[in-house]
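Chains as they are written, first to last, in the numbering used here: chain P, 7 to 333; chain R, 97 to 434; chain S, 49 to 469.
For each residue, glycine too, the CB sits at the ideal point set by N, CA and C.
Let me begin by presenting the structure, written as C-alpha cells, before commenting on it.
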Amino acid sequence: MATKTVLEAVRDAMHEEMKRDERVFIMGEDVGPRGNVFRITAGFLEEFGRDRVIDTPLAEASIVGVAVGAAMLGMRPIAEIQFADFIYPAYNQIVGEAAKIRYRSAGGNTCPLVIRTPYGGGVRGALSHSVSVEALFYHVPGLKVCAPSTPADTKGLLTAAIRDDDPVLFLEHKKTYRLIKGEVPDGDYTVPIGKADVARVGNDLSVITYGLMRHFAVEAAEQLARDGIEAEVIDLRSIRPMDREAIVKSVSKTRRALVVHEDNKFGGVGAEVAAIIAEDAFLDLDAPVRRLCGPDVPAMGYAKEYEDAFMPGPEKIAAAMRELAAF
Amino acid sequence: MKSEAKIRAALPEGLAPEALRDMYYYMVLTRLCDDRAFALNRQGKIPFAATCQGHEAAQVGAAFAVKRGTDWIFPYYRDTALAIAAGVSARVQLLCLFARKADVFSSGRQFPNHYSVPDLNIASISSIIAAHVTHGVGAALAFKMRKQPAVALIAFGEGSTSEGEWHEALNFAGIHKVPCVFFCENNEFAISVPQKLQMAVKNVADRAAAYGFAGVICDGTDPLATYAVVHEAIEKARRGEGPTLIEAKCYRAMSHTTDDNQLTYRTQEEIELVKGRDPIPKFEAWLKERGLIDDSAVKDLKAKAQVEVDEATDWAEAQPPPTEEDLYTHVYASGPTA
Amino acid sequence: MPNVIMPQLGETVTEGTVGKWLKKVGEAVAKYEPLLDVETDKVASEITSPYSGVVTKILAEEGATVPIGAPVCEIEEAGAKKENVSESSSAAPAFPAPHAGQRATAAQPVRPNGAGADDGARYSPAVRKLAREHGIELRGLAGTGRGGRVTAQDVMSATKTPAARPAPHAAMAPAAHPAPAQMSVPPVAPPSGEDAIVKLTPIRKTIAERMAQSRFTIPFAWSLVEVDVTDLAKWREREKAAFKAREGVNLTFVPIVVSAVAAALREVPIVNSVWAGDHIIQRRRVNVGIAVDSDEGLIVPVVRDADRLSLYGLATALAGLIDKARRRRLTMEDLSDGTITVNNTGAIGSVISVPIINPPQAAIFAMEATVKRAWVVNDAIAIRAIMNISLCFDHRVFDGGTASKFLQSVKRRLEGPTPVL
C-alpha cells in the first residue's frame with residue numbers, strides 16, 4: 007500500500023499499462039514535454055517516446071477520431087481532452103462513431119478506446135473549466151462512463167478501462183486531483199467497471215453519489231452520526247453501466263434515498279437513479295427520493311460566490327440528509 | 097503479340113494486361129448490381145439504394161492500386177465498385193440491400209453500402225459524412241507506430257471536404273506524415289449542392305497545400321489514369337513519405353440515392369451529357385482498340401455478370417431476416433449490457 | 049497587522065513551498081513589489097506584496113510547505129490603512145441564494161391545518177407493505193414522522209403492540225365490517241352559536257376508532273358476580289399503614305384484585321386468549337393491562353407477568369405505571385403485549401359497568417366500588433362490604449360457563465383467606 011493522490015493514481019495507471027502493453031499510447035494536447043497541464047504525464051515522453059506520447063493539434067474531434075481509427079486497427083489509445091468543457095466537438099466521434107462501431111459492424115470492428123478528461127468545479131475554473139458532462143454521455147448504449155473519486159478506485163478503474171474492449175469515457179474530478187489522498191494497493195489490480203462501492207454503512211438513509219461529492223457526503227454522514235442518524239453512502243464509481251443492484255439493496259434496507267451530484271439537476275444522473283429506485287424498490291420506500299444537485303444554470307461562475315452557491319458541500323448535504331431522515 | 101508488348105509498355109507500373117479484363121468485369125458487375133438495386137427499389141422490394149454510376153472507373157482503378165491483404169480501405173457509401181473490386185461479391189452486396197441477418201457489413205443494421213468487411217481490410221463506416229476520414233488517419237498512425245508496411249486508402253466525395261473533421265484529419269496526417277491516401281471522387285454534386293456552393297477553390301486537390309502535402313488531379317472516368325495516380329501515392333506513403341490528396345474528377349449519372357430526384361436541380365440535357373461520359377463503354381472501347389477484348393468476350397462477360405447478379409439477388413432475397421433477439425447483440429463486448 | 053497568505057497558484061493546487069524570501073524582517077516593501085518566491089508542483093511564482101509597509105515577522109521559513117491560505121509573514125502597514133478587501137472578510141455574501149426558487153429543498157409544502165392529522169391518511173409504500181405483512185391496522189396509528197406521518201418505524205413498533213394488531217386472519221379483519229360512518233345515523237344538527245366545538249385530539253380519535261371497532265366486530269357477552277370483601281377490607285385496613293411504611297407504596301384494592309385475576313387466569317387459561325380467525329391463540333404469559341384515565345383519555349399500561357409478581361411487586365408496578373401515565377412518560381413498551389385488561393371503574397364510583405373489550409384480547413374485567421350493603425349472611429341480615437366484579441368477554445372464544453368459572457375463581461380468592469404478603 008502507498009498513499010497517493012488521485013492525480014498520481016491516474017499517472018500510475020497509465021504508466022503501468024503503457025509499460026505492460028505496447029499497444030497503449032496517449033494522444034492529446036500538451037501531453038508531451040509539458041506532461042499534461044496538470045503534469046500527469048510528466049516524464050512519459052522521455053520514457054515511451056514520441057510515437058506513444060503524441061501532442062495533437064488543437065482539434066478535439068480529430069483527437070478522438072484518429073484514436074478511433076487506431077483502436078479499430080487494434081491499438082489501445084488513450085485520447086485526452088484537456089478539459090471536459092472542450093469535449094463537445096468530439097461528441098460526434100464519441101457518440102456517433104465510437105459507441106456504435108461494434109453494433110453497426112455486428113462485431114466486425116471494435117473500438118477499445120479510452121477518452122480521459124478532467125471535469126467538475128471548486129477550483130475557480132469559471133464557466134468553461136468546471137462543467138460536468140456525464141449526463142450527455144451516460145445515456146448512450148455502447149459507451150461506458152466511469153467517474154471514480156478515490157485514488158484506489160481511480161487507478162483500478164482506469165486500468166480496467168484501458169484493458170476494456172469497448173470505448174470508455176473516463177471522468178476525473180479535477181478538484182480531487184491533489185485534494186484527495188488515499189491508500190492504493192501495490193501491484194496489478196483492477197476495479198470492475200459497473201460496480202459501486204459502499205463508502206459508509208448505515209441503516210437510516212442512503213446517499214447515492216459519485217465524484218467529489220462522495221467525500222462531502224461521507225463528511226456530512228459523520229456529522230449526522232453524532233446525532234444518532236446513520237447514513238449509508240453509495241459511491242457509484244461507474245455511471246454506465248450503473249450498479250443497479252447496489253442502489254436497490256441499499257435503499258431497500260434504509261427506505262430513504264438522497265441522490266447527490268454536482269451536475270445540474272434536471273435530466274442528470276440522479277433522475278435515472280430515482281427511476282431505478284422507483285422501479286425496483288418502490289414498496290420499500292418510506293419517503294420520496296430526493297436529489298441534491300447543482301442548480302439548473304448553464305455553468306459555474308468565476309466569482310467565489312457563484313461557485314459556492316453552485317456546488318453542494320458537506321453542510322448542504324447534511325441539511326438535505328437531516329430533512330430526509332425527519333420525513 | 098507486338099501490340100501486347102506495346103500495351104504492356106503503355107500500362108502503369110504493376111498492372112498486367114489480364115488485370116484489365118478483370119477491371120472491366122468489375123465495372124460491369126457493379127453497374128448491374130447498381131441497376132438491380134434501383135430496380136428492386138422501384139419494385140418495392142428494398143426501401144433504399146445509393147448509386148455509384150459514373151464512378152466505376154475511378155473506384156476500380158483505385159481498388160487495383162490497393163495491396164490486397166495488406167492495405168486498408170475506408171470507403172464511403174458510394175464506393176460500390178471499390179468494394180466489389182476489392183473482393184465483395186454480388187451475393188454480399190445484395191445481402192446488404194435486403195438487410196438480411198447474414199448481411200456481412202452490419203447484419204441488417206446499416207443503410208446499404210455501409211461497408212465493413214474485416215477479412216477484406218474494409219473498415220466499418222457510418223452515414224456521417226467525413227467521420228471516417230479521421231479513422232483512416234488513425235489506422236495509418238497505427239501502421240506507422242507498428243512499423244507495418246500498410247497504407248490506408250480513404251475515399252470520399254467532394255462534399256466531405258467541407259466538414260471540419262475532414263480538415264482536422266488532413267492536418268493531423270500532414271503533421272505526422274502517416275501512411276494514407278486521401279481519395280476524393282468529385283462528381284460535382286453533394287446531393288443537390290453543386291461544387292461552387294461547396295467550396296471557393298476550383299479543385300479539391302488545391303487544399304492539400306494547406307496541409308503540407310501534394311494534391312493530384314486525375315481523370316476519374318479513366319481507370320488506368322486513376323490507377324496510376326493512386327498507385328504512386330500509395331507507394332509513396334508506404335515508403336514513409338506521407339499522404340497525398342487525390343481528386344478523381346468523375347460524374348454522377350443517377351440521383352444521389354433512391355430517395356432523390358435529380359431533375360429537381362439538374363436539367364435533362366445535363367444528365368444526358370453526363371451519361372454520355374459513361375466510363376464503362378469508354379473503357380470497353382479502349383480495350384477493344386488495343387485488341388484486349390472483342391465483342392464475343394464482352395458478350396460473355398456481360399452474360400456472366402448478369403447471371404452472377406441474378407443468382408445473387410434470388411439467393412439474398414431468400415436469406416432469413418434478423419429477429420427481435422438480434423436487436424441486442426454486439427452492444428458491448430459482453431453482449432447487450434456491459 | 050495584516051498577514052500575507054500563501055495564494056492559490058493553480059486550479060488544483062492545495063499547498064505551496066516558500067522558495068526564497070526577497071525581503072527581510074525590518075525591511076520596507078512597497079505594494080506590488082516582489083516579496084518572496086513560491087513553488088508548487090505546477091508552477092513557480094514570484095509573490096508580490098499586497099501592502100506597503102515594513103515586514104515585521106516571517107511566519108514560514110524558506111523551504112517550508114504551507115497550505116493555501118496560511119499566513120507566511122506579517123507586514124506593518126505604512127500610513128493610513130486602506131479598507132482591506134480580502135478573501136478572509138467575514139462580510140455576508142452579497143448574493144442571495146440564487147437558486148432559492150430552484151433549491152432542492154426536501155420540504156413538502158406545509159399543510160394549512162398544521163395538525164398533520166391528515167397525513168395519516170396517506171401512507172408510504174413501505175408503510176403499506178409492512179402493515180400488510182404484519183397485520184397492523186393503520187387507521188388511528190400514531191405517527192412520529194413529519195406532520196404526524198406514520199413512518200415505517202412506527203409500523204414496526206406497532207407490531208409489538210397487540211392493541212394495534214387485529215387477529216392475523218382475514219375473518220377478524222375490521223374492514224370486513226361496516227365502518228361506523230357507513231351506518232345510517234340520524235344527521236347531526238350543526239353547532240349553533242352557543243355550542244362549543246371540541247376538536248379531536250389524536251388520542252381521542254384513536255379511542256373512538258378502537259372502541260367502535262371493538263363493539264362492532266366482537267360478539268360480546270357480559271357476566272357479573274357480587275363479592276363479599278368485608279374480611280379483605282378489614283385486612284387491608286390493618287395492613288395498609290405498615291405496608292406503606294415498609295414497601296413505600298400504597299396497598300389499594302387494585303393490586304389485590306389483579307393478583308386474584310392473574311391467579312384465576314392460570315386456572316382458566318382460555319380467558320387469557322386471542323381470537324385468530326380460524327383458531328384461538330391462548331397466551332402463556334399473563335400481562336394485565338390496567339385502564340387508566342389520563343388527562344388526554346383512556347390509556348392502558350401493562351403489568352407484565354402479573355401472575356409471577358407478589359403483592360408488593362404488583363403494587364409497585366402499578367404505582368410506577370400510574371405515575372408514568374400522569375407524567376406522560378409511558379413508552380410503547382409500557383403499552384404493549386397486554387393479554388387482559390382490568391378496569392377499575394369502582395374508583396369513579398361505579399357499581400355496575402359494561403366495559404368495552406380491548407382487542408385483540410378476549411376479555412375485560414371490571415372491579416366496581418366497594419359499598420356497604422345490607423346482606424344476608426347465614427339467613428340473617430348483616431352489613432357487608434360488597435364489590436361487584438364483571439367480565440365482558442368475546443363469545444367466540446369462550447362461553448358463559450367459562451366466564452362464570454373465571455369470575456367464581458376470582459371471587460373465591462377475594463372472599464377467601466387473607467392474602468399472603
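Inset, instruction - Can you grab the Cα-Cα spacing for the pair P/A331 / P/S256, in whole Å? - result: 15 Å
Legend entry - Straight-line gap, R/P171 to R/A115 (C-alpha atoms, nearest Å): 22 Å
Inset, instruction - Determine the chain P residues that contact R/G232 at a beta-carbon separation under 8 Å, and present them in chain order. - result: G75
Inset, instruction - Please list the residues of the region 261-285 of chain P that have a C-beta atom closer than 7 Å to any C-beta atom in chain R, keeping them in chain order. - result: none
Inset, instruction - Assess, as a yes-or-no matter, whether the region 117-131 of chain R is touched by the region 373-388 of chain R under the definition of 3 or more beta carbon pairs within less than 8 Å. - result: yes
Inset, instruction - On a CA-only basis, which of P/I168, P/H179, P/V266 is nearest P/R26? Give me that one, please. - result: P/I168
Inset, instruction - Can you pull the chain P residues whose beta carbon is under 8 Å from the beta carbon of R/V427, in chain order? - result: R108, Y109, P147, G148
Inset, instruction - Would you mind working out which of P/P320, P/L119, P/R45 sits nearest P/Q99, comparing C-alpha positions? - result: P/L119
Inset, instruction - Kindly indicate if chain R contains any beta-carbon less than 9 Å away from that of P/P157. - result: no
Legend entry - Length of the line joining the Cα atoms of P/S111 and R/L320: 32 Å
Legend entry - Coil, strand or helix - S/M204 by DSSP: helix
Legend entry - Inter-residue Cα distance where the pair is P/G273 and P/R261: 23 Å
Inset, instruction - Check distances from the C-beta atoms of the region 234-247 of chain R to those of chain P and list, in chain order, the residues that come in under 7 Å. - result: G234, A235, L237, A238, M241
Legend entry - Cα-Cα separation, S/E81 to P/I60: Each residue's Cα considered, the two are about 41 Å apart.
Inset, instruction - Could you tell me whether the Cβ of R/G110 comes closer than 9 Å to any Cβ of chain P? - result: no
Inset, instruction - Tell me, please, which residues DSSP counts as bridged to S/V297. - result: None; S/V297 has no bridge partner.
Legend entry - P/T182 beta carbon near the ligand ADP (any heavy atom closer than 8 Å): Among the ligands in the structure shown, none appear at all, so the ligand ADP cannot be discussed.
Inset, instruction - Assign R/S220 to one of two classes, buried (16 or more other C-beta atoms within 10 Å of its C-beta) or exposed (fewer than that). - result: Buried is the call here.
Legend entry - Closer than 7 Å at the beta carbon, the chain S residues around P/D292: S172, A174, V175, T199, A200
Inset, instruction - For my contact list, P/R122 and P/F50 are in at a C-beta cut-off of 8 Å; report their separation, rounded to the angstrom. - result: In this structure, P/R122 and P/F50 do not form a Cβ contact; the two beta carbons are roughly 13 Å apart against a cut-off of 8 Å.
Inset, instruction - Please compile the residues from chain R whose C-beta is within a distance smaller than 7 Å of the C-beta of P/Q88. - result: None at all; the shortest Cβ gap to chain R is about 16 Å.
Legend entry - Cβ contact check for the region 450-461 of chain S and the region 301-311 of chain S: 3 or more pairs under 8 Å: yes
Inset, instruction - Assign S/D243 to buried or exposed, taking buried as 16 or more other Cβ atoms, counted over all protein chains shown, within 10 Å of its Cβ. - result: exposed
Legend entry - Beta carbon proximity, S/R258 to chain P, threshold 9 Å: no
Inset, instruction - Go to R/A135, then tell me how far its alpha helix (DSSP H) extends in each direction, as first and last residue. - result: 113-138
Legend entry - Which of helix, strand or coil DSSP assigns to S/V133: Residue placement at S/V133 is poorly supported in this model, since its pLDDT is 39, which falls under 50; the coordinates are not used for a value here.
Inset, instruction - For P/D210, count neighbouring Cβ atoms within 10 angstroms of its own Cβ and tell me buried if that reaches 16, exposed if not. - result: So P/D210 ends up on the buried side.
Inset, instruction - Note down the Cα distance separating P/A223 from P/V266, rounded to an integer number of angstroms. - result: Roughly 8 Å separates the two Cα atoms.
Inset, instruction - Using a threshold of 9 Å, state whether the C-beta atoms of R/F207 and R/S223 are closer than that. - result: yes
Legend entry - As assigned by DSSP and simplified to three states, the class of R/Y424: helix
Legend entry - Three-state secondary structure assigned by DSSP to S/Y99: coil
Legend entry - Uninterrupted beta strand (DSSP E) stretches inside the region 280-334 of chain R (no shorter than 3 residues): With a minimum length of 3 residues, the continuous beta strand (DSSP E) runs that stay inside the region 280-334 of chain R are 311-315.
Legend entry - Partner residues on chain S for P/R206, Cβ-Cβ distance less than 9 Å: Chain S residues near P/R206: none, gap ~20 Å exceeds 9 Å.
Legend entry - S/T265, buried or exposed, once every other Cβ within 10 Å from all chains shown has been counted against 16: buried
Legend entry - Distance between P/A104 and P/G127 (C-alpha atoms, nearest Å): 27 Å
Inset, instruction - For P/F333, decide whether its Cβ has a neighbour in chain S, counting only Cβ atoms nearer than 9 Å. - result: yes
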